[in-house]
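Student: Quick one: this structure, given as structure tokens, is what I'll be asking you about.
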Amino acid sequence: MPRKKGSLNQTTRETKEFLNLVVKNEHARIEAALLDLFETNKASYLHAITKLLPFITPKASEVHLHTPDLPSKMPSWFDDSPMEPVK
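So, in structure tokens, the structure goes:
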């Protein structure tokens, strides 16, 4: 029987749980490696940090704002403008 649309694949769930456990158990080593990298090669350290950022920052999504049509008449505060209209 196929799984429901949008439901998480059992293998995917197990893999994510396994990887979370591995990373959790390696936290101290990962931190030590990053500190060592910082001391030896700052450019590589920055590269590593930027590679890790997508895992902790939310993904940007495009936002569309619906704005009402702008009035065709200029606001009244433009009436007293000392500037001449552009020809």
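Those letters in the sequence shown? Residues 7 to 93, by this note's numbering. Every residue, glycine too, gets a C-beta built ideally from N, C-alpha and C.
Does His70 come out as helix, strand or coil in the three-state DSSP assignment?
Tutor: Here His70 sits in coil by DSSP.
Student: Hey, would you say Leu40 sits closer than 8 Å to Ala49, going by beta carbons?
Tutor: No, the Cβ-Cβ distance between Leu40 and Ala49 is not below 8 Å.
Student: I need the boundaries of the alpha helix (DSSP H) containing Leu59, first residue and last residue.
Tutor: No alpha helix (DSSP H) contains Leu59, which DSSP labels as neither H nor E.
Student: Would Tyr51 pass as a contact of Leu59 if the rule is Cβ separation under 8 Å?
Tutor: Contact flag unset, no.
Student: Alpha carbon to alpha carbon, how far is Ser13 from Ala34?
Tutor: When rounded, the distance between both Cα atoms is 34 Å.
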